[in-house]
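Enquirer:
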Amino acid sequence: MPHPDLEKIHHDVTAWYAANARELPWRGAAADPWAVMVSEFMLQQTPVVRVRPVWEAWMERWPTPAALAAEPVAEAVRAWGRLGYPRRALRLHAAAVVITDVHGGKVPGTEAELLALPGVGTYTAAAIACFAFKVPTVVVDTNIRRVHARLIRGRALPEQNQNAAELALAARLLPAAGEGDNAGTALANDWNIAVMELGALVCTARSPRCEDCPVVNQCAWIAAGRPEPHYKPKGQPWHGTDRQLRGAMMAVLRHSAAPVPRGDLLGAPDLAVAAGEPRIAVSARQGDAAHEAWVTLHALDAPAEQSERVLASLLADGLAQHSPDGISLPH
Ligand code: SF4
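Below you can see the structure in the form of structure tokens.
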């Protein structure tokens, strides 16, 4: 493979970003480190379009780490809504508590300090350091790995699991201090966000829009004749999975003002039965969100063994808690 002209690639991708980037509230000049941090937690597993309204409501309600830390963790889980993987809400709340207690309410600015916070892994620490504090560090997420794999390595997909070679490649691709018109660090920051955006908007997983790509003439995958992936990507099944059932149970708990009797949560009572006393301890009226959550859970008709397993995992993860009255969100 010929050596890529990195300076030209840096220039073309960052110029494309300057002209095409989405305007996202956590990217603006007004976005402080807490705003960036909340967005990074939410974006870990969830697309921008679903994150944005939840992020906006979250930041309005909890504009600082201290504001979130002052509220019960159940409120964070409730506000997380349907973003999925709600353990992120627990961890974000826990991180807010540490930031408030240990860092004077300010999100710390070094990767080492960030890594010490609950729920902050290597990627998130690097992303917050880069996007909130302009630290010229190596940021590698799924989108970036995919662009690197295609553009530089000529492969249709990155490796199935991130490895050291990918990190080394990302480090090699980072603009050096002093490159171009920028001061080096600024270009490194622009490069990280620009590659990420290119992967999200153009070099997408299923159908890359190479005709709109600013580096199509330098792309190793195009030069190699668009070879097929070197493995078959695993689909992510959803229907009938524990993840689907976890989501349905969490929705019932989020919408319940009172603890839910364990048997009702496991048995998914039939709300359609109009005669007799309702068996459930929720104020569910047809058409409201609580009712919909119950109907959704009931429609799954999950086997008892699976329901038991999923409830046990929610309790073990700290997303739900048991009391004599039933199951509720954590206090
Ligand atoms: S030319 Fe296509 S495959 Fe190559 S980096 Fe651009 S969008 Fe991705």
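Under the numbering used here, the first residue of the sequence shown is numbered 3, with each subsequent residue one higher.
Using N, Cα and C, we set each Cβ at its ideal position, and we do this for glycine too.
So what does Q323 bridge to, in DSSP terms?
Expert: Per DSSP, S330.
Enquirer: Using CA atoms only, rank isn't needed, just tell me which of L169, P110 and Q246 is closest to T298.
Expert: Closest by alpha carbon: Q246.
Enquirer: With a threshold of 8 Å, establish whether the CB of I130 neighbours any heavy atom of the ligand SF4.
Expert: No, the Cβ of I130 stays beyond 8 Å of every heavy atom of the ligand SF4.
Enquirer: Taking its Cβ as the centre, do 16 or more other Cβ atoms sit within 10 Å of D143, making it buried, or is it exposed?
Expert: Its Cβ being crowded by 16 or more others within 10 Å, D143 is buried.
Enquirer: Among W57, E199, E294 and P326, which residue has its Cα nearest to the Cα of V254?
Expert: Comparing Cα positions, the closest option is E294.
Enquirer: Using 8 Å as the cut-off, classify the Cβ of P67 as near or not near the heavy atoms of the ligand SF4, replying yes or no.
Expert: No, the ligand SF4 has no heavy atom inside 8 Å of this Cβ.
Enquirer: Whole angstroms are fine: how far does the CA of A226 sit from the CA of P49?
Expert: Computed Cα separation, rounded: 30 Å.
Enquirer: Roughly how many angstroms separate the alpha carbons of I329 and T102, rounded to a whole number?
Expert: If I take the Cα positions, the gap works out to 29 Å.
Enquirer: Looking at chain B, is there any beta carbon in it that lies within less than 9 Å of the beta carbon of A31?
Expert: Among the protein chains of the structure shown there is no chain B, as only one such chain exists.
Enquirer: Secondary structure at V262, three-state DSSP: helix, strand or coil?
Expert: Note: V262 maps to strand in three-state DSSP.
Enquirer: Taking its Cβ as the centre, do 16 or more other Cβ atoms sit within 10 Å of H12, making it buried, or is it exposed?
Expert: Counting Cβ neighbours within 10 Å, H12 comes out buried, since at least 16 surround it.
Enquirer: Flag this pair as touching only if the stretch 29 to 46 and the stretch 198 to 218 have three or more C-beta atom pairs under 8 Å; answer yes or no.
Expert: At 8 Å Cβ cutoff, the stretches do not touch.
Enquirer: Among residues of its own chain, excluding the 5 on either side of G111, which ones have a beta-carbon nearer than 8 Å to its beta-carbon?
Expert: For G111, where only same-chain residues beyond five positions count, the Cβ hits under 8 Å are P35, A131, A134, F135 and V137.
Enquirer: At what residue ranges does the stretch 204 to 241 contain a whole run of the alpha helix (DSSP H), taking only runs of 4 or more?
Expert: For the stretch 204 to 241, whole alpha helix (DSSP H) runs of length 4 or above, ordered along the chain, are 222 to 225.
Enquirer: Could you check if I329 belongs to the surroundings of the ligand SF4, using beta carbon to heavy atom distance under 8 Å?
Expert: It does not: the Cβ of I329 is nowhere closer than 8 Å to a heavy atom of the ligand SF4.
Enquirer: The alpha helix (DSSP H) that contains E181, what's its start and end?
Expert: Segment: none, E181 is in no alpha helix (DSSP H) and carries neither H nor E.
Enquirer: Taking the alpha helix (DSSP H) that N145 belongs to, which residues open and close that run?
Expert: Segment T144 to L153, the alpha helix (DSSP H) holding N145.
Enquirer: Using a strict less-than 6 Å threshold between each residue's beta carbon and the heavy atoms of the ligand SF4, what residues do you get?
Expert: Having a Cβ closer than 6 Å to some heavy atom of the ligand SF4 are V149, R152, L153, V204, C205, P210, C212, C215, V217, V218, C221, W223 and I224.
Enquirer: Leaving aside the five residues before and after R29 along the sequence, list all residues of the same chain whose C-beta is less than 8 Å from its C-beta, in chain order.
Expert: Cβ neighbours of R29 beyond the five flanking positions: A23, F133 and I195.
Enquirer: How do the stretch 305 to 316 and the stretch 236 to 252 stand: do at least 3 beta-carbon pairs fall below 8 Å, yes or no?
Expert: Output reads yes: the stretch 236 to 252 touches the stretch 305 to 316.
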